[in-house]
Each structure stands twice: as structure tokens, then as C-alpha cells.
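For reference, the structure discussed in these notes is given below.
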Amino acid sequence: MASGNAAFREHAIRDDADYAAHMDYVHFNPVMHGLAAAAADWPCSTFKACVARGLYPETWGGDG
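Following this note's numbering, the numbering of the sequence shown begins with 530 at its first residue and continues without gaps.
See the structure below:
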């Protein structure tokens, strides 16, 4: 479905590295836009679950 907005586009995840890059982007986006001091501070994030699974260190993406 076309949204008419060029800023949004469909992207198929190609491989594990591409998936990891997109997860990094999603987790760091609130920090990048000044909404949180660290990825762990954003309440609507899967970041803490990813830390619990050992996918990220707790201090990733912020002041730590």
C-alpha cells in the first residue's frame, strides 16, 4: 500500500546483519531524537527484553 510519503518505504530484511542494523536503529532512535538519555530509558522499547536475552549489553546506546 502506497502511503504517498517518500520517507516511509517497505524493506525486506536481507540477513542477520541487516536485522541487527535495524534493531540498533529502532533501539537508538529515541536517544538520537533526545527523547531518552539511553536506550534502556525508553519505556516502549524491546531493548530491555533484548538485554535479558543477552543480545545487547545493558549500557549499549546511551550514557550507561
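The C-beta atom is built at its ideal place from N, Cα and C for all residues, glycine as well.
Treat the numbers as computed from the prediction; the structure is a model and nothing was measured.
Exercise for review: Measure the C-alpha to C-alpha separation of P606 and V580 and round it to an integer number of angstroms.
Suggested key: Since the first residue shown for the chain is 530 and the last is 593, residue 606 is missing from the structure and cannot be characterised.
Review point. Between the C-alpha atoms of G590 and A549, what's the straight-line distance to the nearest angstrom?
Key: Taking the sequence shown and counting its residues from 1, one reaches residue 590 at position 61. Taking the sequence shown and counting its residues from 1, one reaches residue 549 at position 20. Looking at the two C-alpha atoms, the distance is approximately 14 Å.
Practice item. Take W571 and list the residues in its own chain whose beta-carbon comes closer than 6 Å to its own, dropping the five residues that flank it on each side. Key: The sequence position of residue 571 within the sequence shown is 42, counting from 1. The residues are P559, A565.
Point to revise | C-beta atoms of A568 and F557 nearer than 8 Å | key: On the sequence shown, residue 568 is found 39 positions in, with the first residue counted as 1. On the sequence shown, residue 557 is found 28 positions in, with the first residue counted as 1. Cβ atoms of A568 and F557: closer than 8 Å.
Review point. In whole angstroms, what is the alpha-carbon distance linking M552 and L584?
Key: Taking the sequence shown and counting its residues from 1, one reaches residue 552 at position 23. Taking the sequence shown and counting its residues from 1, one reaches residue 584 at position 55. Computed Cα separation, rounded: 10 Å.
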